[in-house]
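Okay, structure first, notes after.
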Amino acid sequence: MMPAGFNHRVMATATSPISEVRSWMAGGLRRADLPLVDVAQAAPGYPPDRGLMDHVANLDQAGVSRYGPVLGELPLREALAADMCSAYGGAVRPDQIAVTAGANQAFCLAVSVLCEPGDRVIMPVPYYFNYDMWLSMGGVEADYLACSGDMLPSLDGAAALLNEWTRAIVLVTPNNPTGRVYPPELISAFARLASEAGIHLIVDETYRDFRSTDTPAHDLFRDPGWDASVLQIHSFSKVYSIPGYRVGALAASPELLHEVDKVADCLTICPSRLGQEAALYGLGHLDGWVATNRQTMNRRVRMFAEAMQGSRYEVVSAGAYFAYVRHPFEGTTGRQVARRLFEEQSVLALAGEMFGPDQDRYLRLAFANLEDSDIPELARRLDETASGL
(Lines of atoms letter the chains of each structure in order from A and count residues from 1; the text may use other names and numbers.)
(Lines give C-alpha, C1' and ligand atoms only; values in the text may rest on other atoms or scores of the structure.)
Protein backbone atom coordinates (compact mmCIF):
# COMPACT_ATOMS: atom_id res chain seq x y z
CA MET A 1 0.00 0.00 0.00
CA MET A 2 1.54 3.30 -1.09
CA PRO A 3 1.43 6.13 1.45
CA ALA A 4 -1.16 8.79 0.68
CA GLY A 5 0.24 12.00 -0.74
CA PHE A 6 3.23 10.52 -2.56
CA ASN A 7 3.46 10.62 -6.35
CA HIS A 8 2.74 7.05 -7.39
CA ARG A 9 4.78 7.38 -10.58
CA VAL A 10 7.87 8.44 -8.65
CA MET A 11 7.39 5.64 -6.14
CA ALA A 12 7.01 3.09 -8.93
CA THR A 13 10.24 4.22 -10.58
CA ALA A 14 13.35 2.16 -9.81
CA THR A 15 16.03 3.69 -7.60
CA SER A 16 19.07 5.00 -9.44
CA PRO A 17 21.67 2.23 -9.81
CA ILE A 18 24.35 4.65 -8.65
CA SER A 19 22.44 5.21 -5.41
CA GLU A 20 22.04 1.46 -5.03
CA VAL A 21 25.71 0.59 -5.36
CA ARG A 22 26.73 3.52 -3.16
CA SER A 23 24.60 1.90 -0.46
CA TRP A 24 26.84 -1.18 -0.79
CA MET A 25 29.76 1.07 0.00
CA ALA A 26 28.00 2.44 3.06
CA GLY A 27 27.37 -1.10 4.24
CA GLY A 28 31.11 -1.71 4.53
CA LEU A 29 30.94 -5.29 3.26
CA ARG A 30 33.88 -5.31 0.88
CA ARG A 31 37.30 -6.82 1.53
CA ALA A 32 39.38 -4.39 3.52
CA ASP A 33 42.71 -5.78 2.29
CA LEU A 34 42.05 -4.88 -1.37
CA PRO A 35 41.93 -1.29 -2.63
CA LEU A 36 38.64 -0.39 -4.26
CA VAL A 37 38.45 -0.57 -8.05
CA ASP A 38 35.48 1.67 -8.87
CA VAL A 39 34.11 1.08 -12.36
CA ALA A 40 30.53 2.00 -11.44
CA GLN A 41 29.97 5.67 -12.22
CA ALA A 42 31.00 7.22 -15.52
CA ALA A 43 32.82 10.19 -14.04
CA PRO A 44 36.35 11.27 -14.94
CA GLY A 45 38.86 10.57 -12.21
CA TYR A 46 41.35 13.15 -13.46
CA PRO A 47 41.02 16.85 -12.58
CA PRO A 48 40.12 19.63 -15.00
CA ASP A 49 42.87 21.36 -16.93
CA ARG A 50 44.90 23.72 -14.76
CA GLY A 51 44.22 26.65 -17.09
CA LEU A 52 40.48 26.08 -16.78
CA MET A 53 40.68 25.99 -12.99
CA ASP A 54 42.74 29.17 -12.92
CA HIS A 55 40.27 30.84 -15.27
CA VAL A 56 37.33 29.95 -13.03
CA ALA A 57 39.20 31.09 -9.92
CA ASN A 58 39.87 34.51 -11.47
CA LEU A 59 36.31 35.21 -12.62
CA ASP A 60 34.30 38.15 -11.35
CA GLN A 61 32.62 36.19 -8.56
CA ALA A 62 29.87 38.73 -8.08
CA GLY A 63 29.08 38.62 -11.78
CA VAL A 64 28.82 34.83 -12.06
CA SER A 65 26.69 34.73 -8.91
CA ARG A 66 23.81 36.55 -10.59
CA TYR A 67 21.02 35.10 -12.70
CA GLY A 68 21.62 34.76 -16.42
CA PRO A 69 19.48 33.97 -19.48
CA VAL A 70 17.24 30.92 -19.13
CA LEU A 71 18.68 29.27 -22.24
CA GLY A 72 22.28 30.20 -21.46
CA GLU A 73 24.80 32.90 -22.18
CA LEU A 74 25.01 33.95 -25.84
CA PRO A 75 28.84 33.68 -26.08
CA LEU A 76 28.68 30.02 -25.08
CA ARG A 77 25.80 29.30 -27.45
CA GLU A 78 27.76 30.96 -30.25
CA ALA A 79 30.94 29.05 -29.42
CA LEU A 80 29.16 25.68 -29.23
CA ALA A 81 27.32 26.32 -32.49
CA ALA A 82 30.65 27.12 -34.19
CA ASP A 83 32.23 24.00 -32.67
CA MET A 84 29.38 21.84 -33.96
CA CYS A 85 29.63 23.33 -37.44
CA SER A 86 33.31 22.42 -37.47
CA ALA A 87 32.89 18.95 -35.94
CA TYR A 88 29.99 17.85 -38.14
CA GLY A 89 30.54 19.85 -41.31
CA GLY A 90 26.99 21.15 -41.03
CA ALA A 91 25.06 24.26 -40.11
CA VAL A 92 24.07 24.97 -36.50
CA ARG A 93 23.06 28.45 -35.33
CA PRO A 94 23.22 29.91 -31.81
CA ASP A 95 19.42 30.23 -31.75
CA GLN A 96 19.30 26.43 -32.15
CA ILE A 97 21.27 25.94 -28.92
CA ALA A 98 20.04 25.95 -25.32
CA VAL A 99 22.52 25.57 -22.48
CA THR A 100 21.26 23.19 -19.78
CA ALA A 101 22.20 21.91 -16.35
CA GLY A 102 23.98 18.91 -17.82
CA ALA A 103 22.91 16.37 -20.43
CA ASN A 104 20.35 14.83 -18.07
CA GLN A 105 18.42 18.07 -17.87
CA ALA A 106 18.60 18.47 -21.64
CA PHE A 107 16.81 15.13 -22.02
CA CYS A 108 14.26 15.95 -19.34
CA LEU A 109 13.48 19.29 -20.97
CA ALA A 110 13.14 17.72 -24.41
CA VAL A 111 10.75 15.03 -23.21
CA SER A 112 8.75 17.56 -21.18
CA VAL A 113 8.10 19.54 -24.36
CA LEU A 114 7.57 16.59 -26.72
CA CYS A 115 5.46 14.28 -24.57
CA GLU A 116 2.35 14.12 -22.44
CA PRO A 117 1.41 11.27 -20.08
CA GLY A 118 0.43 8.26 -22.15
CA ASP A 119 2.70 9.14 -25.07
CA ARG A 120 5.44 6.69 -26.04
CA VAL A 121 9.19 6.89 -26.68
CA ILE A 122 11.29 4.19 -28.34
CA MET A 123 14.34 3.30 -26.23
CA PRO A 124 17.02 0.83 -27.37
CA VAL A 125 17.97 -1.71 -24.72
CA PRO A 126 20.30 -1.58 -22.90
CA TYR A 127 19.33 2.01 -22.10
CA TYR A 128 20.78 4.84 -20.03
CA PHE A 129 18.87 4.37 -16.78
CA ASN A 130 18.25 8.05 -15.92
CA TYR A 131 16.36 8.51 -19.19
CA ASP A 132 14.13 5.54 -18.47
CA MET A 133 13.54 6.85 -14.96
CA TRP A 134 12.43 10.24 -16.29
CA LEU A 135 9.96 8.67 -18.71
CA SER A 136 8.54 6.57 -15.91
CA MET A 137 8.08 9.50 -13.55
CA GLY A 138 6.38 11.55 -16.28
CA GLY A 139 3.90 8.84 -17.26
CA VAL A 140 5.52 8.42 -20.67
CA GLU A 141 5.66 4.81 -21.84
CA ALA A 142 8.96 3.39 -23.06
CA ASP A 143 8.84 0.96 -25.97
CA TYR A 144 12.01 -1.08 -25.60
CA LEU A 145 13.94 -1.81 -28.77
CA ALA A 146 16.20 -4.83 -28.59
CA CYS A 147 19.75 -4.46 -29.86
CA SER A 148 21.58 -7.04 -31.94
CA GLY A 149 24.48 -9.14 -30.71
CA ASP A 150 26.87 -6.34 -31.65
CA MET A 151 24.77 -3.91 -29.59
CA LEU A 152 23.34 -1.93 -32.49
CA PRO A 153 19.64 -0.95 -32.44
CA SER A 154 17.46 -2.40 -35.17
CA LEU A 155 15.96 0.07 -37.62
CA ASP A 156 13.30 -2.45 -38.68
CA GLY A 157 12.54 -3.13 -35.02
CA ALA A 158 12.03 0.57 -34.39
CA ALA A 159 9.74 0.89 -37.40
CA ALA A 160 7.62 -1.98 -36.06
CA LEU A 161 7.21 -0.19 -32.71
CA LEU A 162 5.88 3.05 -34.20
CA ASN A 163 2.27 3.90 -33.46
CA GLU A 164 0.04 6.96 -33.11
CA TRP A 165 1.36 7.70 -29.61
CA THR A 166 5.06 7.56 -30.49
CA ARG A 167 6.72 10.93 -30.04
CA ALA A 168 10.45 10.20 -30.20
CA ILE A 169 13.25 7.69 -30.69
CA VAL A 170 16.28 7.95 -28.41
CA LEU A 171 19.82 7.05 -29.51
CA VAL A 172 22.87 7.33 -27.23
CA THR A 173 26.15 7.18 -29.15
CA PRO A 174 28.83 6.38 -28.10
CA ASN A 175 26.47 4.29 -26.07
CA ASN A 176 26.08 4.23 -22.32
CA PRO A 177 26.26 1.45 -21.13
CA THR A 178 27.82 -0.55 -23.99
CA GLY A 179 30.43 1.84 -25.37
CA ARG A 180 29.22 1.01 -28.88
CA VAL A 181 29.71 3.81 -31.42
CA TYR A 182 26.80 3.82 -33.87
CA PRO A 183 27.81 4.06 -37.56
CA PRO A 184 26.92 7.37 -39.24
CA GLU A 185 24.74 5.62 -41.80
CA LEU A 186 22.67 3.98 -39.04
CA ILE A 187 22.14 7.31 -37.29
CA SER A 188 21.07 8.86 -40.59
CA ALA A 189 18.64 6.00 -41.22
CA PHE A 190 17.03 6.55 -37.83
CA ALA A 191 16.77 10.28 -38.58
CA ARG A 192 14.94 9.50 -41.84
CA LEU A 193 12.62 7.10 -40.04
CA ALA A 194 11.76 9.74 -37.44
CA SER A 195 11.23 12.44 -40.04
CA GLU A 196 8.98 10.25 -42.18
CA ALA A 197 6.96 9.28 -39.10
CA GLY A 198 6.54 12.91 -38.02
CA ILE A 199 8.34 12.38 -34.71
CA HIS A 200 11.71 13.43 -33.27
CA LEU A 201 15.03 11.66 -33.04
CA ILE A 202 16.87 12.49 -29.81
CA VAL A 203 20.59 11.84 -30.21
CA ASP A 204 22.65 11.93 -27.02
CA GLU A 205 26.34 12.43 -27.84
CA THR A 206 27.69 12.96 -24.32
CA TYR A 207 30.75 10.82 -25.16
CA ARG A 208 31.32 12.13 -28.70
CA ASP A 209 34.83 13.34 -27.88
CA PHE A 210 35.96 9.91 -26.66
CA ARG A 211 35.49 8.08 -29.95
CA SER A 212 38.60 6.58 -31.51
CA THR A 213 38.39 9.06 -34.39
CA ASP A 214 37.75 12.77 -34.82
CA THR A 215 35.84 12.31 -38.09
CA PRO A 216 32.20 13.50 -38.05
CA ALA A 217 29.97 11.23 -35.99
CA HIS A 218 27.13 11.69 -38.51
CA ASP A 219 25.90 14.06 -41.21
CA LEU A 220 22.56 15.10 -39.67
CA PHE A 221 23.48 18.77 -39.41
CA ARG A 222 24.28 18.98 -43.12
CA ASP A 223 20.55 18.89 -43.80
CA PRO A 224 19.35 22.53 -43.70
CA GLY A 225 16.07 21.35 -42.17
CA TRP A 226 17.62 19.10 -39.52
CA ASP A 227 15.90 20.84 -36.63
CA ALA A 228 12.42 19.84 -37.82
CA SER A 229 12.93 16.35 -36.41
CA VAL A 230 16.35 16.09 -34.70
CA LEU A 231 17.34 17.04 -31.15
CA GLN A 232 20.96 16.63 -30.09
CA ILE A 233 22.13 16.41 -26.49
CA HIS A 234 25.63 17.57 -25.59
CA SER A 235 27.57 17.47 -22.33
CA PHE A 236 30.61 19.40 -21.16
CA SER A 237 30.91 17.27 -18.01
CA LYS A 238 33.10 14.47 -19.28
CA VAL A 239 35.04 16.23 -22.02
CA TYR A 240 36.32 18.95 -19.65
CA SER A 241 36.11 16.87 -16.45
CA ILE A 242 33.60 19.24 -14.83
CA PRO A 243 30.58 17.05 -13.97
CA GLY A 244 29.94 18.97 -10.76
CA TYR A 245 29.56 22.22 -12.70
CA ARG A 246 26.40 20.83 -14.35
CA VAL A 247 26.57 22.23 -17.85
CA GLY A 248 25.35 20.65 -21.08
CA ALA A 249 23.31 21.68 -24.09
CA LEU A 250 20.32 20.88 -26.26
CA ALA A 251 20.36 21.58 -30.02
CA ALA A 252 16.91 21.85 -31.56
CA SER A 253 14.62 24.18 -33.47
CA PRO A 254 14.07 27.72 -32.13
CA GLU A 255 10.36 26.87 -31.89
CA LEU A 256 11.03 23.88 -29.65
CA LEU A 257 13.53 25.86 -27.56
CA HIS A 258 10.87 28.53 -27.02
CA GLU A 259 8.86 25.88 -25.19
CA VAL A 260 11.99 24.56 -23.43
CA ASP A 261 12.50 28.07 -22.04
CA LYS A 262 9.24 27.76 -20.08
CA VAL A 263 10.17 24.46 -18.47
CA ALA A 264 13.78 25.42 -17.75
CA ASP A 265 12.68 28.67 -16.11
CA CYS A 266 10.65 26.67 -13.61
CA LEU A 267 13.50 24.24 -12.85
CA THR A 268 16.81 26.09 -12.77
CA ILE A 269 15.93 29.66 -13.90
CA CYS A 270 19.32 29.63 -15.63
CA PRO A 271 22.23 27.22 -16.06
CA SER A 272 25.21 27.62 -13.74
CA ARG A 273 27.09 30.69 -14.88
CA LEU A 274 30.27 29.29 -13.36
CA GLY A 275 29.84 26.12 -15.40
CA GLN A 276 29.16 28.12 -18.55
CA GLU A 277 32.36 30.10 -18.10
CA ALA A 278 34.28 26.85 -17.69
CA ALA A 279 32.69 25.37 -20.81
CA LEU A 280 33.40 28.51 -22.83
CA TYR A 281 37.05 28.40 -21.75
CA GLY A 282 37.23 24.74 -22.74
CA LEU A 283 35.85 25.35 -26.23
CA GLY A 284 38.40 28.08 -26.79
CA HIS A 285 41.52 26.54 -25.27
CA LEU A 286 41.39 22.80 -24.64
CA ASP A 287 41.36 20.96 -27.98
CA GLY A 288 44.81 19.48 -27.34
CA TRP A 289 43.97 18.54 -23.76
CA VAL A 290 40.78 16.82 -24.96
CA ALA A 291 42.71 14.90 -27.63
CA THR A 292 45.16 13.61 -25.03
CA ASN A 293 42.35 12.38 -22.80
CA ARG A 294 40.66 10.72 -25.75
CA GLN A 295 43.84 8.82 -26.49
CA THR A 296 44.10 7.78 -22.84
CA MET A 297 40.55 6.42 -22.71
CA ASN A 298 40.93 4.62 -26.04
CA ARG A 299 44.14 3.03 -24.77
CA ARG A 300 42.42 1.77 -21.62
CA VAL A 301 39.61 0.24 -23.64
CA ARG A 302 42.16 -1.59 -25.82
CA MET A 303 44.14 -2.67 -22.77
CA PHE A 304 41.03 -4.10 -21.13
CA ALA A 305 40.00 -6.02 -24.25
CA GLU A 306 43.50 -7.48 -24.48
CA ALA A 307 43.61 -8.33 -20.77
CA MET A 308 40.30 -10.18 -21.04
CA GLN A 309 41.38 -12.47 -23.87
CA GLY A 310 40.91 -16.02 -22.68
CA SER A 311 38.69 -14.95 -19.80
CA ARG A 312 35.40 -16.64 -19.02
CA TYR A 313 33.86 -13.17 -19.26
CA GLU A 314 33.08 -11.97 -22.80
CA VAL A 315 33.65 -8.35 -23.78
CA VAL A 316 30.55 -7.85 -25.93
CA SER A 317 31.19 -4.19 -26.70
CA ALA A 318 33.68 -1.54 -25.64
CA GLY A 319 34.38 2.09 -26.46
CA ALA A 320 34.49 5.62 -25.08
CA TYR A 321 34.24 5.18 -21.27
CA PHE A 322 32.74 1.69 -21.18
CA ALA A 323 32.91 -2.05 -21.61
CA TYR A 324 29.78 -4.19 -21.59
CA VAL A 325 30.73 -7.64 -20.38
CA ARG A 326 28.78 -10.88 -20.45
CA HIS A 327 29.37 -12.90 -17.29
CA PRO A 328 29.69 -16.68 -17.54
CA PHE A 329 27.23 -17.78 -14.85
CA GLU A 330 24.03 -19.33 -16.13
CA GLY A 331 21.14 -18.77 -13.73
CA THR A 332 22.94 -15.97 -11.87
CA THR A 333 21.88 -12.36 -12.28
CA GLY A 334 24.23 -9.51 -13.04
CA ARG A 335 23.29 -7.96 -9.70
CA GLN A 336 24.37 -11.12 -7.87
CA VAL A 337 27.67 -11.17 -9.74
CA ALA A 338 28.24 -7.45 -9.15
CA ARG A 339 27.51 -7.83 -5.44
CA ARG A 340 29.93 -10.72 -5.13
CA LEU A 341 32.61 -8.81 -7.04
CA PHE A 342 32.22 -5.98 -4.56
CA GLU A 343 32.25 -8.12 -1.43
CA GLU A 344 35.02 -10.52 -2.46
CA GLN A 345 37.17 -8.48 -4.86
CA SER A 346 36.45 -4.83 -3.95
CA VAL A 347 35.28 -4.13 -7.51
CA LEU A 348 32.31 -1.77 -7.74
CA ALA A 349 30.44 -2.31 -11.02
CA LEU A 350 26.89 -2.00 -12.32
CA ALA A 351 24.70 -4.96 -13.22
CA GLY A 352 23.26 -5.31 -16.70
CA GLU A 353 19.66 -5.49 -15.47
CA MET A 354 20.07 -1.91 -14.23
CA PHE A 355 20.02 -0.98 -17.93
CA GLY A 356 16.84 -2.72 -18.98
CA PRO A 357 15.03 -6.03 -19.44
CA ASP A 358 16.87 -9.21 -20.45
CA GLN A 359 20.25 -7.78 -19.47
CA ASP A 360 20.93 -9.90 -16.38
CA ARG A 361 23.88 -11.72 -17.98
CA TYR A 362 25.89 -8.48 -18.26
CA LEU A 363 27.99 -6.03 -16.28
CA ARG A 364 28.88 -2.46 -17.21
CA LEU A 365 32.40 -1.30 -16.46
CA ALA A 366 33.42 2.38 -16.70
CA PHE A 367 37.13 3.15 -17.06
CA ALA A 368 37.39 6.89 -16.39
CA ASN A 369 38.23 6.42 -12.71
CA LEU A 370 41.11 4.06 -13.44
CA GLU A 371 44.79 4.37 -14.24
CA ASP A 372 46.41 2.22 -16.90
CA SER A 373 47.98 0.13 -14.15
CA ASP A 374 44.52 -0.73 -12.77
CA ILE A 375 43.38 -2.48 -15.96
CA PRO A 376 45.29 -5.77 -15.51
CA GLU A 377 44.26 -5.85 -11.86
CA LEU A 378 40.60 -5.43 -12.79
CA ALA A 379 40.85 -8.32 -15.26
CA ARG A 380 42.59 -10.46 -12.64
CA ARG A 381 39.87 -9.85 -10.06
CA LEU A 382 37.12 -10.65 -12.54
CA ASP A 383 38.77 -13.94 -13.36
CA GLU A 384 39.31 -14.76 -9.70
CA THR A 385 35.62 -14.33 -9.03
CA ALA A 386 34.83 -16.45 -12.08
CA SER A 387 36.83 -19.30 -10.62
CA GLY A 388 34.99 -19.04 -7.31
CA LEU A 389 31.38 -18.96 -8.48
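Taking the working numbering, the leading residue of the sequence shown gets 409, the next gets one more, and so forth.
C-beta: ideal position from N, C-alpha, C; glycine also.
As the structure is a computational prediction, the values presented were derived from the model and not from experiment.
Unbroken beta strand (DSSP E) run spanning residue i, endpoints
i, result
"Val529", "Arg528 to Val533"
"Phe730", "Phe730 to Arg734"
"Glu481", "It is not in any beta strand (DSSP E) - Glu481 carries neither H nor E in the DSSP assignment."
"Glu738", "Taken as a continuous stretch (DSSP letters only), Glu738 belongs to no beta strand (DSSP E), as it is neither H nor E."
"Val578", "Thr574 to Val580"
"His608", "His608 to Asp612"
"Ala774", "Tyr770 to Ala774"
Segment limits, alpha helix (DSSP H) that includes residue i
i, result
"Ser643", "Note, Ser643: premise wrong, no alpha helix (DSSP H); beta strand (DSSP E) at Val638 to Ser643."
"Asp669", "Pro662 to Leu675"
"Asp551", "Element bounds for Asp551: not the alpha helix (DSSP H) but the beta strand (DSSP E), Glu549 to Ala554."
"Arg430", "Pro425 to Gly435"
"Gly727", "Not the alpha helix (DSSP H): Gly727 falls in the beta strand (DSSP E), residues Glu722 to Gly727."
"Tyr454", "Here Tyr454 belongs to no alpha helix (DSSP H), and DSSP marks it neither H nor E."
"Tyr689", "Arg681 to His693"
"Leu517", "Gly510 to Leu522"
"Arg501", "Taken as a continuous stretch (DSSP letters only), Arg501 belongs to no alpha helix (DSSP H), as it is neither H nor E."
"Gly471", "Gln469 to Val472"
Minimum C-alpha distance to residue i - residue among the options
i, options, result
"Arg630", "Ala470, Gln513, Val472 and Ser494", "Ser494"
"Ala672", "Leu771, Asn512, Ile610 and Ser643", "Asn512"
"Lys646", "Ala757, Pro455 and Ser725", "Pro455"
"Ala576", "Lys670, Leu553, Gly413 and Leu479", "Leu553"
"Asp503", "Val668, Ser603 and Met433", "Val668"
"Leu778", "Asp551, Leu756 and Gly690", "Leu756"
"Gly606", "Asn571, Arg772 and Glu593", "Asn571"
"His693", "Ala451, His463 and Arg439", "His463"
"Leu601", "Pro624, Asn706 and Ala568", "Ala568"
"His608", "Val418, Val578, Glu785 and Asn538", "Val578"
Straight-line Cα distance separating residue j from residue i
i, j, result
"Glu613", "Asn584", "10 Å"
"Pro651", "Pro534", "23 Å"
"Asp635", "Thr574", "18 Å"
"Ala715", "Val709", "10 Å"
"Ala774", "Val529", "27 Å"
"Glu663", "Arg588", "32 Å"
"Arg616", "Gly453", "18 Å"
"Tyr590", "Pro765", "21 Å"
"Asp622", "Leu484", "22 Å"
"Asp540", "Ala550", "7 Å"
"Leu688", "Arg748", "43 Å"
"Ser637", "Phe618", "26 Å"
"Glu751", "Gly557", "30 Å"
"Phe644", "Val500", "18 Å"
"Leu482", "Ser620", "31 Å"
"Pro477", "Val507", "9 Å"
"Trp542", "Cys516", "7 Å"
"Ser427", "Thr586", "20 Å"
"Phe737", "Gly565", "29 Å"
Beta-carbon contacts of residue i that lie in its chain and below 6 Å, excluding the five residues immediately before and after
i, result
"Gln753", "Arg789 and Thr793"
"Ser544", "Thr421"
"Gly683", "Tyr653, Arg654 and Val655"
"Glu722", "Arg734"
"Ser520", "Val671"
"Ala759", "Gly742, Arg743 and Ala746"
Same chain, Cβ closer than 8 Å to residue i, five either side skipped, listed in chain order
i, result
"Ser680", "Ala509, Tyr653, Arg654 and Val655"
"Met705", "Phe618, Ala728, Tyr729, Phe775 and Ala776"
"Arg707", "Asp780"
Integer-rounded CB distance, given that residue j should sit under 8 Å from residue i
i, j, result
"Ser719", "Ala787", "7 Å"
"Thr741", "Asp768", "4 Å"
"Glu761", "Arg772", "Their Cβ separation, rounded to whole angstroms, is 11 Å, which puts Glu761 and Arg772 out of contact at 8 Å."
"Val472", "Glu785", "Not quite, the Cβ-Cβ distance comes to about 41 Å (not below 8 Å), so this is no contact."
"Pro592", "Tyr496", "Not quite, the Cβ-Cβ distance comes to about 10 Å (not below 8 Å), so this is no contact."
Any C-beta of chain C under 9 Å from that of residue i
i, result
"Ala746", "In the displayed structure, chain C is absent; only one protein chain is listed."
Proximal residues to residue i (C-beta, below 7 Å), its chain only, five neighbours per side dropped
i, result
"Ser649", "Pro452, Tyr454, Pro455 and Pro456"
"Arg702", "Asp617 and Phe618"
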